[in-house]
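Beneath this line is the structure, given in structure tokens, with notes to follow.
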Amino acid sequence: FVEFLDNFSPKLLGYFHLEETIMPNLLQKHFQPDDRARIQSRVYDFLKNRKYASETLVLQSRWLNAEHLKAWKAETLKGTARVSYNMWRMKLEKSHQMIVTEFKQRAVEDELEALQA
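Final position of the sequence shown in the numbering used here is 123; the numbers increase by one with none missing.
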């Protein structure tokens with residue numbers, strides 16, 4: 007399992023990085039600002055009552071720099087969501103950190119198991 011993760015993780019991170027760098031430019035190239043605002047609003051309306059809505063919104067906006075994030079929150083998030091965003095982000099980062107910590111612990115346990123075999 008650890009070998010699989012060692013092999014798979016860099017590829018997945020590479021894909022995410024590629025998506026985060028390419029998608030914004032493609033969207034700007036093919037859509038007008040009015041389209042963007044309308045699409046963002048529709049995506050928000052779709053996501054806001056779904057399971058994992060807050061996590062998805064945080065991940066959706068992860069690539070934005072501080073200036074663009076502030077503008078995105080002002081344009082997209084409505085009501086208490088705008089105030090809750092930072093809490094959602096901290097919660098998501100903490101839960102993702104726990105996943106990495108768990109993987110690290112499993113790797114150590116697997117190594118110890120292999121040494122004892």
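For each residue, glycine too, the CB sits at the ideal point set by N, CA and C.
- Counted as a single uninterrupted DSSP element, the stretch harbouring Lys54 is not any alpha helix (DSSP H), since DSSP gives it neither H nor E.
- At the C-beta level, Leu70 and Leu63 stay beyond 8 Å of one another.
- For Tyr91, the number of other beta carbons within 10 angstroms of its own is at least 16, and it is reported as buried.
- For a cut-off of 8 Å, the C-beta gap from Gln46 to Thr82 is around 5 Å, short enough to register as a contact.
- Bounds of the alpha helix (DSSP H) holding Ala113 are Thr86 to Gln122.
- Here DSSP, grouped into helix, strand and coil, assigns Ser67 to coil.
- Excluding sequence positions up to five before and after Val8, its CB lies within less than 7 Å of the CB of Ala113 and Asp116, all in the same chain and listed in chain order.
- Between Arg88 and Lys79 the beta-carbon gap is near 6 Å, inside 8 Å, which marks them as a contact.
- The Cβ-Cβ distance between Leu33 and Glu61 does not fall below 8 Å.
- In the structure shown, Gln46 adopts helical secondary structure according to DSSP, grouped into three states.
- Rounded to whole angstroms, the gap between the alpha carbons of Ala123 and Gln111 is 18 Å.
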